[in-house]
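Worksheet: one structure, shown below.
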Amino acid sequence: MTNSDEYWYCPFAYGYTNYSRIGYAKHLLTYTDVVSYDGKKLSTTIGGTGLSVSAFSKHQQEAVAFTEFVCSPQYQINGYIYNEGQPGYLQAWKSQLNNELTNNFFSNVLPVMENGYMRPRYHGYLHFQDEAGIYVQEYLLGKQKSESLVLEKLNEIYMKSIEKNLSKVFI
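FYI, the numbering for the sequence shown is 33 to 203, going by the numbering used here.
Here it is as structure tokens:
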């Protein structure tokens, strides 16, 4: 969408501030709230990337200091945005300046985040998401007609993902 005029609307897309910043791509994107269905606003899955320090790092003190720095409210509100980051700090999302820099990305997307469902973070979930998506897509494309068979398969994949998680916890 940022490089051609072929598409002009996408009801569900990952939200990245870069695409809402002047000069990042050929076309500037404007993000909005989630669409409604039967008069009810839909909910999306939200997630993100975490920040951690490896127990095996040869530079733990430096890594911890960097982590503290980039997670500090002052850097989240200012420096993180200026360096094209997407902060996790609510005040940064409510900042007028940050919204001016990003075509109101933060104020437009905040209702989506507040209404969203936090993606599960257990080991094995991403495998479930990838595998289950295939069956959901086949059903939506009409390649699979039986809802109950699709749900059975999703449940089977989910149970395997939980087993993977439990095996990691107890090892």
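We put the beta carbon where it would ideally sit given N, CA and C, even for glycine.
Distance CB(residue i)-CB(residue j) smaller than 8 Å
{"i": "Y149", "j": "S75", "result": "yes"}
{"i": "S52", "j": "T62", "result": "yes"}
{"i": "I109", "j": "Q123", "result": "yes"}
{"i": "V66", "j": "K72", "result": "no"}
{"i": "G80", "j": "G120", "result": "yes"}
{"i": "Q92", "j": "V85", "result": "yes"}
Rounded C-alpha distance that separates residue i from residue j
{"i": "E163", "j": "F44", "result": "20 Å"}
{"i": "W40", "j": "R151", "result": "27 Å"}
{"i": "L83", "j": "K177", "result": "42 Å"}
{"i": "S193", "j": "L129", "result": "43 Å"}
{"i": "L60", "j": "G174", "result": "35 Å"}
{"i": "E146", "j": "Y46", "result": "15 Å"}
{"i": "H159", "j": "F137", "result": "30 Å"}
{"i": "I203", "j": "K196", "result": "Model confidence at I203 stands at a pLDDT of 49, short of 50, so the residue's coordinates are unreliable; what they give is reported in the following sentence. Taking the straight line from one Cα to the other gives about 11 Å."}
{"i": "N131", "j": "Y107", "result": "16 Å"}
{"i": "P105", "j": "W125", "result": "12 Å"}
{"i": "V144", "j": "V182", "result": "28 Å"}
{"i": "E38", "j": "S180", "result": "37 Å"}
{"i": "T77", "j": "S127", "result": "24 Å"}
{"i": "L142", "j": "E100", "result": "24 Å"}
{"i": "Y154", "j": "Q161", "result": "12 Å"}
{"i": "A87", "j": "N50", "result": "32 Å"}
{"i": "S89", "j": "C42", "result": "41 Å"}
Reduced DSSP category for residue i - H, G, I as helix; E, B as strand; rest coil
{"i": "Y39", "result": "coil"}
{"i": "M150", "result": "strand"}
{"i": "S84", "result": "coil"}
{"i": "T99", "result": "helix"}
{"i": "K73", "result": "strand"}
{"i": "I194", "result": "helix"}
{"i": "I54", "result": "coil"}
{"i": "S139", "result": "helix"}
{"i": "S104", "result": "coil"}
{"i": "S68", "result": "strand"}
Among the options, nearest to residue i - alpha-carbon criterion
{"i": "N35", "options": "A57, Q92, F160 and T49", "result": "A57"}
{"i": "Y157", "options": "D37, M191, F101 and L133", "result": "M191"}
{"i": "T134", "options": "V182, G55 and V144", "result": "G55"}
{"i": "S140", "options": "E100, Y48, Q161 and Q106", "result": "Going by the sequence as given, residue 140 is Asn instead of Ser. Ranking the options by Cα distance to N140, first place goes to Y48."}
Distance cut-off 7 Å: residue i Cβ against heavy atoms of the ligand NAP
{"i": "G148", "result": "Looking at this structure, you won't find the ligand NAP or any other ligand, since it has none at all."}
Review point. Is it true that the segment 83-96 meets the segment 159-177, where meeting means three or more beta-carbon pairs spaced less than 8 Å apart?
Key: no
Point to revise | Segment contact, 8 Å Cβ cut-off, at least three pairs: the segment 186-198 with the segment 107-118 | key: The segment 186-198 is not in contact with the segment 107-118.
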